[in-house]
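*Asks:* Below is a structure I'd like to ask you about.
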Amino acid sequence: MESVGNVDTKRRPRKIGLKKELGFYELLVIGVAGALGNGALFGTVQMVSGAGPGAIFGFVFGAFIYGLLTMTYVEMSKVYPEAGGPTRYTIYTHGRWTNLINSMADLLWYLFIPPIEVVAIISGLDYFYHGVFLTSAGFPTTTGVLVGTLLILTFVPINYFGIKEFGRTTNVMGIIKLIFYIAMVLGFIAFVANFSNLTAYGVLPYRAVSILGIMPLVMYDFGATRVIPDLAEETKHRGDIGKAMIFTVIIESLIYVGVGFAVVFGFHFASLGIKPGDFSALSSHLEGFNPFFVFAHQSGITWVFVAALVTGLLAPYVTGYIYLGSGTRVLFAIGRSGFISKSLKKIESKHAIPLIALIVFAIIGSIIVLVTAPDPTIYTFIDDASAAGYLGLVLNPIANMVTRRQGLVPKNLRVRGMPVIAPLAVGLSALIPFWAGWPSEPYAVLLMLIGTVVIGILSKVKIGARNVIWYVVFILFETIMVMIGSDGFTGKIFGASIGNLIPFTWATLIVLVVSMAIFYPWGILSGFKKQFSHPDFTQEVLESNRLAKKIDPLKSETESNQ
Numbered sequence: 016m017e018s019v020g021n022v023d024t025k026r027r028p029r030k031i032g033l034k035k036e037l038g039f040y041e042l043l044v045i046g047v048a049g050a051l052g053n054g055a056l057f058g059t060v061q062m063v064s065g066a067g068p069g070a071i072f073g074f075v076f077g078a079f080i081y082g083l084l085t086m087t088y089v090e091m092s093k094v095y096p097e098a099g100g101p102t103r104y105t106i107y108t109h110g111r112w113t114n115l116i117n118s119m120a121d122l123l124w125y126l127f128i129p130p131i132e133v134v135a136i137i138s139g140l141d142y143f144y145h146g147v148f149l150t151s152a153g154f155p156t157t158t159g160v161l162v163g164t165l166l167i168l169t170f171v172p173i174n175y176f177g178i179k180e181f182g183r184t185t186n187v188m189g190i191i192k193l194i195f196y197i198a199m200v201l202g203f204i205a206f207v208a209n210f211s212n213l214t215a216y217g218v219l220p221y222r223a224v225s226i227l228g229i230m231p232l233v234m235y236d237f238g239a240t241r242v243i244p245d246l247a248e249e250t251k252h253r254g255d256i257g258k259a260m261i262f263t264v265i266i267e268s269l270i271y272v273g274v275g276f277a278v279v280f281g282f283h284f285a286s287l288g289i290k291p292g293d294f295s296a297l298s299s300h301l302e303g304f305n306p307f308f309v310f311a312h313q314s315g316i317t318w319v320f321v322a323a324l325v326t327g328l329l330a331p332y333v334t335g336y337i338y339l340g341s342g343t344r345v346l347f348a349i350g351r352s353g354f355i356s357k358s359l360k361k362i363e364s365k366h367a368i369p370l371i372a373l374i375v376f377a378i379i380g381s382i383i384v385l386v387t388a389p390d391p392t393i394y395t396f397i398d399d400a401s402a403a404g405y406l407g408l409v410l411n412p413i414a415n416m417v418t419r420r421q422g423l424v425p426k427n428l429r430v431r432g433m434p435v436i437a438p439l440a441v442g443l444s445a446l447i448p449f450w451a452g453w454p455s456e457p458y459a460v461l462l463m464l465i466g467t468v469v470i471g472i473l474s475k476v477k478i479g480a481r482n483v484i485w486y487v488v489f490i491l492f493e494t495i496m497v498m499i500g501s502d503g504f505t506g507k508i509f510g511a512s513i514g515n516l517i518p519f520t521w522a523t524l525i526v527l528v529v530s531m532a533i534f535y536p537w538g539i540l541s542g543f544k545k546q547f548s549h550p551d552f553t554q555e556v557l558e559s560n561r562l563a564k565k566i567d568p569l570k571s572e573t574e575s576n577q
């Protein structure tokens with residue numbers, strides 16, 4: 016009879032599982048390469064349009080916010096090193112209803128991103144074949160939709176041949192992408208070098224409050240760090256997950272600040288036909304074009320244009336297939352939780368990947384975003400993704416604190432300062448959907464509602480109905496605040512105009528304070544006192560986690576047992 020620790024494995028059939036093939040270096044490259052996509056290329060130009068040179072401060076603020084969130088992932092990934100782990104944390108702390116809504120938010124975040132990156136690619140192609148792939152308003156044409164869908168399908172083979180080949184491919188393509196990305200950024204800063212744009216018209220030409228309005232664009236860029244814990248179950252050593260996340264946030268923060276300077280220094284108002292100092296006209300003037308192609312072409316520097324060309328096409332492609340892979344793990348995690356279909360958690364034996372989840376994810380992503388989005392441009396896609404994503408991410412710090420209350424995080428594995436980090440992370444994360452505004456936040460909530468109701472009924476979800484009340488009220492609160500405190504809602508209710516009932520800055524403060532003072536403690540108190548365990552939804556994975564921890568113990572765990 017064979018046994019591992021106290022777990023008897025006699026006569027058990029060999030189960031097909033995910034393979035542990037990724038090390039620290041692969042995780043770091045995946046994290047950084049996944050981050051540097053369309054958001055920094057197109058989003059930064061939109062940020063400068065909205066806040067002028069103040070966009071640079073936006074990246075600094077974003078690094079602070081996501082740094083807080085990252086600390087919660089660092090701790091939780093040690094407890095639950097699962098595929099699509101962040102999508103599963105809440106099933107252990109609040110039950111199936113909270114986890115279902117959380118899963119819908121996470122799924123929407125991931126479903127939006129590969130098509131967002133594809134739209135960036137076809138925008139680059141449209142620079143050379145203008146009007147073929149995008150309309151004058153920046154919407155994909157029929158040809159653009161077809162090409163975009165085909166591009167998404169090309170992401171599938173890269174993810175099909177196993178996580179080891181995925182890591183190897185990303186090591187090569189990610190480094191190439193990083194080299195050209197940095198070369199482009201340095202080229203604009205050092206050789207176009209229009210330094211007067213930084214101060215000649217004011218560092219904050221539209222006041223400090225303008226930085227708040229661009230934060231959904233900023234946080235879209237930082238959200239890529241989450242792909243690392245999604246691959247936790249395929250990582251050789253659990254300790255590498257947290258280290259890779261921390262280094263990814265540091266590296267991407269430095270590069271994003273560099274991109275901010277590159278955009279500010281990289282153009283001349285006169286050459287674009289824009290009134291000097293009118294940053295707000297920048298995005299509309301570049302509508303339908305890859306802005307870095309335009310800047311590089313006008314610079315007259317051939318190698319900068321080549322760097323921009325390679326970056327504009329390769330960067331979003333790499334980010335797209337990385338997100339398809341991580342999104343597949345999210346869908347796989349949803350299958351493990353008993354939602355949608357059990358077939359989603361099946362692992363293909365030859366390459367040890369969740370093949371059905373991979374195919375389904377690619378198909379659904381193409382349909383939902385490229386076909387049904389109400390305003391299918393890059394910038395609205397980013398706001399939609401940010402609204403959905405951070406409605407889900409806000410749960411992570413709360414799940415972290417509930418997990419501590421359940422006694423599952425040994426003191427020597429805890430991140431210092433978490434009682435301060437967690438409420439700040441909740442409050443600041445709650446602001447992102449609010450700042451995404453109308454119609455992005457309500458659109459994301461509507462899709463989440465439809466998915467939750469349909470899947471909840473089909474999957475016969477019952478467990479955790481009381482534990483989800485706080486989260487439902489939180490989402491309702493966010494949506495109401497968007498309606499009455501956002502500049503985006505212009506409609507009337509019962510004949511009254513309520514779009515600016517509360518000034519934007521005051522509404523921001525209300526969302527921050529209420530989220531920290533009411534929803535944060537309410538969410539923690541709504542959690543289970545003990546870890547949720549169920550033979551169909553958690554026990555098999557928990558057993559696998561226990562075996563993995565015995566094979567790959569963290570140093571601090573070993574020391575705590577001595």
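Using this note's numbering, you'd call the opening residue of the sequence shown number 16 and step up by one each time.
Think of the CB as a built atom: it goes at the ideal place given N, C-alpha and C, for glycine as much as any other residue.
1. Could you tell me the alpha carbon to alpha carbon distance between G452 and I337, rounded to whole angstroms?
2. Does G340 pass the burial test, meaning 16 or more other C-beta atoms within 10 Å, or should it be called exposed?
3. What is the rounded straight-line gap between the Cα of T387 and the Cα of I371?
4. Could you check the C-alpha separation between H283 and N209 for me, to the nearest Å?
5. DSSP three-state call for E363: helix, strand or coil?
6. Considering Cα atoms alone, identify which of L83, T85, L287 and A400 is closest to I131.
7. Distance, Cα to Cα, V460 vs A285?
8. Compute the Euclidean distance between the alpha carbons of K188 and P331, then round it to the nearest angstrom.
9. Taking the straight line between their C-alpha atoms, what separation do you get for V171 and G228?
10. Quick one, are the C-beta atoms of G542 and V409 less than 8 Å apart?
11. Quick check: what's the CA-CA separation for I525 versus P448?
12. Go to I490, then tell me how far its alpha helix (DSSP H) extends in each direction, as first and last residue.
13. Classify I618 as helix, strand or coil using the three-state DSSP reduction.
14. Alpha carbons only, please: which of I349, K365 and V60 is nearest the one belonging to F376?
15. Would you list the one or two residues that DSSP bridges to T250?
16. Who pairs with L149 in a beta bridge, going by DSSP?
17. With a CB to CB cut of under 7 Å and the five nearest residues on each side skipped, what residues in its chain are close to T184?
18. Just the C-alpha distance for G442 and P244, rounded to the nearest angstrom, thanks.
19. Measuring CA to CA, which of F347, V345 and P306 is closest to M199?
20. Hey, is the stretch 305-322 in contact with the stretch 112-131, meaning 3+ C-beta pairs nearer than 8 Å?
21. I'd like the list of long-range same chain contacts for F143, defined as Cβ closer than 7 Å, with 5 residues on each side in sequence excluded.
22. From the DSSP secondary-structure annotation, give me the bridge partner or partners of I368.
23. Please report the straight-line C-alpha distance between S463 and Y125, rounded to a whole angstrom.
24. For W521, count neighbouring Cβ atoms within 10 angstroms of its own Cβ and tell me buried if that reaches 16, exposed if not.
25. Q546 and L423: beta carbons closer than 8 Å?
26. Using the three-state DSSP reduction, which class does L98 fall into: helix, strand or coil?
27. Look at the alpha carbon of A277 and the alpha carbon of I128, and state the distance between them as a whole number of angstroms.
28. When DSSP labels each residue in this structure, what does D236 get in the three-state scheme?
29. From what residue to what residue does the alpha helix (DSSP H) around Q61 run?
30. Could you check how far apart the C-beta atoms of A239 and T334 are, in whole angstroms? I think they sit under 8 Å.
31. List the whole-angstrom C-beta distance separating E267 from A50, where the pair is believed to meet the contact cut-off of C-beta under 8 Å.
32. Out of H300, M230 and V476, point me to the one whose CA is closest to Y405's CA.
33. Just verifying my parser: in three-state terms, what is the DSSP assignment at Q554?
34. Evaluate V233 with the Cβ neighbour count: other Cβ atoms within 10 Å of its Cβ, from every protein chain shown; 16 or more gives buried, anything less gives exposed.
35. Under 8 Å, with one C-beta from each stretch per pair, do the stretch 38-57 and the stretch 252-272 reach the 3-pair mark?
36. In chain order, what residues of the same chain have a beta carbon less than 7 Å from the beta carbon of Y113, not counting five sequence neighbours either side?
*Replies:* In brief:
1. 28 Å
2. buried
3. Because T387 sits at a pLDDT of 49, beneath the cut-off of 50, its placement in the model cannot be relied upon, and the following sentence gives the value as read from the coordinates. When rounded, the distance between both Cα atoms is 23 Å.
4. 7 Å
5. strand
6. A400
7. 42 Å
8. The sequence as given places Met at residue 188; Lys does not occur at that position. The straight-line gap from Cα to Cα measures roughly 12 Å.
9. 35 Å
10. no
11. 14 Å
12. I484 to G500
13. There is simply no residue 618 to check, as the chain begins at 16 and stops at 577 in what is shown.
14. I349
15. L37
16. P155
17. I173
18. 22 Å
19. P306
20. no
21. none
22. E363
23. The question names Ser, but residue 463 in the sequence shown is Met. Distance between the alpha carbons of M463 and Y125 is about 13 Å.
24. exposed
25. yes
26. Here residue 98 is Ala; the residue named in the question, Leu, does not match the sequence. Three-state result, A98: strand.
27. 24 Å
28. helix
29. T59 to A66
30. 7 Å
31. 4 Å
32. M230
33. helix
34. buried
35. yes
36. The sequence shown places Thr at residue 113, not Tyr. Counting only Cβ-Cβ distances below 7 Å, and skipping sequence neighbours, we find T105, G479, N482, V483 and Y486.
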